[in-house]
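The opening position of the sequence shown corresponds to residue 52 in the numbering used here, with each subsequent residue numbered one higher.
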Amino acid sequence: MEPFRNEPLVDFTRPGAHERFEAEVEALRRRPPEHLPLVVGGRRVTTSESLVSLNPSHPSETVATVARAGIAEAEAALDAAERALPAWSHLPATARAAVLLRAAGIMRRERTRLSALECVEVGKPRGEADADVAEAIDFLEFYARAVIPLSGPQEVHSAPQELNELRHLPLGVGLILPPWNFPLAILTGMASAAIVTGNTVLLKPSSVTPAIGWRYVEIMEAAGLPPGVLNFVPGSGSEIGAHLVQSPRVRFISFTGSRDVGLKINERAARTPPGQRWIKRVVAEMGGKDAIVVLEDADLTAAAEAIVVSAFGFSGQKCSACSRAIVVEAVYDRLVPELVRRTLNLVIGPAEARSTDVGPVSDAAAMEKILGYIDLGKGEGRLLCGGRRLDGEGYLVEPTIFADVEPRARIAQEEIFGPVLAVLRARDLDEALEIANDTVYGLTGAVFGRSRPALEHARERFHVGNLYINRKCTGALVGAHPFGGFNLSGTDAKAGGADYLRAFVQAQSIAERV
Ligand code: NAD
Numbered sequence: 052m053e054p055f056r057n058e059p060l061v062d063f064t065r066p067g068a069h070e071r072f073e074a075e076v077e078a079l080r081r082r083p084p085e086h087l088p089l090v091v092g093g094r095r096v097t098t099s100e101s102l103v104s105l106n107p108s109h110p111s112e113t114v115a116t117v118a119r120a121g122i123a124e125a126e127a128a129l130d131a132a133e134r135a136l137p138a139w140s141h142l143p144a145t146a147r148a149a150v151l152l153r154a155a156g157i158m159r160r161e162r163t164r165l166s167a168l169e170c171v172e173v174g175k176p177r178g179e180a181d182a183d184v185a186e187a188i189d190f191l192e193f194y195a196r197a198v199i200p201l202s203g204p205q206e207v208h209s210a211p212q213e214l215n216e217l218r219h220l221p222l223g224v225g226l227i228l229p230p231w232n233f234p235l236a237i238l239t240g241m242a243s244a245a246i247v248t249g250n251t252v253l254l255k256p257s258s259v260t261p262a263i264g265w266r267y268v269e270i271m272e273a274a275g276l277p278p279g280v281l282n283f284v285p286g287s288g289s290e291i292g293a294h295l296v297q298s299p300r301v302r303f304i305s306f307t308g309s310r311d312v313g314l315k316i317n318e319r320a321a322r323t324p325p326g327q328r329w330i331k332r333v334v335a336e337m338g339g340k341d342a343i344v345v346l347e348d349a350d351l352t353a354a355a356e357a358i359v360v361s362a363f364g365f366s367g368q369k370c371s372a373c374s375r376a377i378v379v380e381a382v383y384d385r386l387v388p389e390l391v392r393r394t395l396n397l398v399i400g401p402a403e404a405r406s407t408d409v410g411p412v413s414d415a416a417a418m419e420k421i422l423g424y425i426d427l428g429k430g431e432g433r434l435l436c437g438g439r440r441l442d443g444e445g446y447l448v449e450p451t452i453f454a455d456v457e458p459r460a461r462i463a464q465e466e467i468f469g470p471v472l473a474v475l476r477a478r479d480l481d482e483a484l485e486i487a488n489d490t491v492y493g494l495t496g497a498v499f500g501r502s503r504p505a506l507e508h509a510r511e512r513f514h515v516g517n518l519y520i521n522r523k524c525t526g527a528l529v530g531a532h533p534f535g536g537f538n539l540s541g542t543d544a545k546a547g548g549a550d551y552l553r554a555f556v557q558a559q560s561i562a563e564r565v
């Protein structure tokens with residue numbers, strides 16, 4: 052295999068790039084909504100009830116209707132995954148890796164169609180949608196390589212007159228619960244890591260983005276994945292999600308989503324129902340309240356640009372989004388107007404429009420929650436810009452900045468998951484770091500400054516899983532920035548790093564007397 056390298060992004064300044072994307076979006080919007088089935092042991096299964104996936108830029112448009120698994124279908128999917136496990140887990144890792152490499156090839160060929168689907172199903176503007184598809188390809192390519200050294204014999208000391216070996220075995224049948232905000236990348240990374248290490252899985256996509264989940268399943272099948280290895284069971288998180296979390300037949304759960312759901316899953320998975328023969332393993336990657344700290348000697352132009360991109364890219368709906376700018380007193384009054392100026396220049400509109408910088412938020416419930424936080428913010432800070440929903444049917448919320456927010460204010464502590472930035476004042480570096488670390492989260496963070504001792508101090512004291520210096524706090528690259536947070540941001544499994552695959556295997560030590 053060639054060494055891993057990140058998939059280049061589409062250059063939309065090249066002739067025809069915009070037009071190709073727009074043609075795919077138009078085709079998706081014009082066709083009648085697809086009805087998508089469950090996939091259980093390779094069989095298509097329809098159900099009487101279905102989920103409906105809407106276009107958040109135009110909620111009157113249905114993107115797809117999707118079969119909705121109940122308990123019976125979930126149990127049938129567990130049967131299928133158990134049946135497929137022995138053959139799949141005994142295949143050589145190279146054969147499993149080959150499926151991922153072929154899937155990456157298919158995604159490359161379908162690149163524009165997949166980004167167009169992200170645009171209509173979750174409201175990603177083209178640049179963000181394309182980056183998500185590129186990241187999905189990266190996960191496939193990266194894990195296909197990382198599994199090879201993990202599956203071979205590991206270094207162990209050989210005791211006298213013994214032949215000693217340590218090897219990694221798959222865990223068994225797993226449950227994959229991805230979020231909607233990186234609907235192809237995170238779903239692909241979570242499911243493919245579990246599959247390439249020899250496990251079989253049930254994939255329950257987010258109810259917001261089932262059509263993108265379905266495309267992943269089709270692509271993996273086309274890449275040669277045997278039936279039963281990947282079972283597709285869209286449904287209600289609180290119904291079949293919760294049922295499967297407690298099932299004695301599930302060996303591990305890989306969850307990425309909100310803190311409250313992740314904690315509940317972790318608690319429920321810790322119980323041992325009758326018939327369960329293992330301690331369930333839980334990988335739970337959760338939310339953030341990420342901060343960018345700006346010091347007195349920072350390049351203020353670069354800092355302002357990074358804060359605005361990190362806060363409002365994909366409408367702030369990233370676990371890594373900057374939701375707090377912590378600015379030292381000395382430059383506060385210079386930086387804040389620059390943040391406002393740049394934010395007011397952002398164009399808000401439907402995700403498919405060429406001019407759009409900030410598209411819609413995911414759905415009506417998310418919009419109501421964000422507007423609730425904006426109301427709260429009016430009492431907790433000084434509203435500098437934004438604060439309203441735009442007229443029209445799309446779920447468009449203005450990028451909003453509150454200044455002079457106190458560190459313990461709710462908008463400075465709770466994950467809003469929308470285009471809302473709180474700006475906080477700090478005396479100096481020490482106070483800035485104290486504020487930055489004073490939440491229950493610890494996912495990403497960034498520091499802007501020039502003084503080497505200050506940057507070294509921040510490296511030591513800023514307690515986050517992904518720390519960035521003099522750059523934005525979003526946009527982790529597979530292979531370069533293994534991703535995962537501290538504290539209630541999660542189990543720090545470091546997606547996109549080689550260690551991530553260890554979460555899906557168990558080590559067996561074998562000693563033979565010779
Ligand atoms: P969510 O917690 O609502 O849902 C995540 C997944 O869990 C979905 O598939 C959902 O259907 C399922 N689910 C919901 N309730 C369940 C239950 N009771 N039992 C089993 N499964 C259940 O999260 P979301 O809204 O899809 O995603 C946004 C959240 O994800 C934000 O908090 C964001 O910060 C976080 N996130 C974290 C990372 C990370 O790497 N740390 C990455 C992306 C998103």
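By construction, the Cβ of each residue, glycine as well, lies at the ideal position given by its N, Cα and C atoms.
No experiment lies behind these values; they were computed from the predicted model shown.
Check                                                                                                                : Outcome
Rounded separation between residue 122 and residue 253 - CA only                                                     : 13 Å
Beta-carbon gap between residue 119 and residue 101 smaller than 7 Å                                                 : yes
Contacting residues, own chain, Cβ-Cβ under 7 Å from residue 274 (five flanking each side not counted)               : 150, 153, 154 and 157
Cross-strand partners of residue 282 (DSSP beta bridge)                                                              : 253
Residue 535, buried or exposed, once every other Cβ within 10 Å from all chains shown has been counted against 16    : buried
Exposure of residue 408, with buried meaning 16 or more beta-carbon neighbours within 10 Å                           : buried
CA-to-CA distance, residue 206 to residue 218, given in whole angstroms                                              : 9 Å
Cβ pair residue 530, residue 193 closer than 7 Å                                                                     : yes
Proximity of residue 322 and residue 303 at Cβ, strictly below 7 Å                                                   : no
Contact check, residue 173 vs residue 231, beta carbons under 7 Å                                                    : yes
Inter-residue spacing [alpha-carbon to alpha-carbon] between residue 199 and residue 366                             : 38 Å
Within the stretch 270–321, ranges of the beta strand (DSSP E) (whole runs, at least 3 residues)                     : 281–283 and 303–307
Distance cut-off 6 Å: residue 232 Cβ against heavy atoms of the ligand NAD                                           : yes
Residue 279 vs residue 134 beta-carbon contact at 7 Å                                                                : yes
Start-to-end residues for the beta strand (DSSP E) that takes in residue 430                                         : Note, residue 430: premise wrong, no beta strand (DSSP E); alpha helix (DSSP H) at 415–431.
Where the beta strand (DSSP E) through residue 382 begins and ends                                                   : It is not in any beta strand (DSSP E) - residue 382 instead sits in the alpha helix (DSSP H) that spans 380–395.
Exposure label - residue 227; buried when at least 16 CB within 10 Å                                                 : buried
Any non-hydrogen atom of the ligand NAD within 6 Å of residue 336 CB                                                 : yes
CB-CB length for residue 565 against residue 212, believed under 8 Å                                                 : 6 Å
Residue 296 beta carbon near the ligand NAD (any heavy atom closer than 6 Å)                                         : yes
Where residue 514 falls: helix, strand or coil (DSSP)                                                                : coil
Minimum length 4: unbroken alpha helix (DSSP H) runs contained in the stretch 498–559                                : 503–512
Residue 351: CB within 6 Å of a non-hydrogen atom of the ligand NAD                                                  : no
DSSP-derived helix/strand/coil call for residue 207                                                                  : coil
beta-carbon residue 257 near the ligand NAD non-hydrogen atom, thresh 6 Å                                            : yes
Rounded straight-line distance, which links the Cα of residue 171 to that of residue 363                             : 19 Å
Alpha carbon of residue 501 to alpha carbon of residue 521, nearest angstrom                                         : 9 Å
Pick from 269, 196 and 235 that is closest to residue 186, judged by C-alpha positions                               : 235
Assigned secondary structure, residue 122 (DSSP; H/G/I helix, E/B strand, else coil)                                 : helix
Span of the beta strand (DSSP E), counted from its first residue to its last, around residue 7                       : With the chain represented from 52 up to 565, any question about residue 7 goes unanswered, as that position is not in the structure.
Own chain, CB closer than 8 Å to residue 297, minus 5 neighbours either side, in chain order                         : 319, 320, 322 and 324
Neighbour-count burial assignment, residue 377, 16 or more Cβ in a 10 Å radius                                       : buried
Own chain partners of residue 499 with C-beta closer than 6 Å, once the 5 adjacent residues on each side are dropped : 345, 349, 354 and 521
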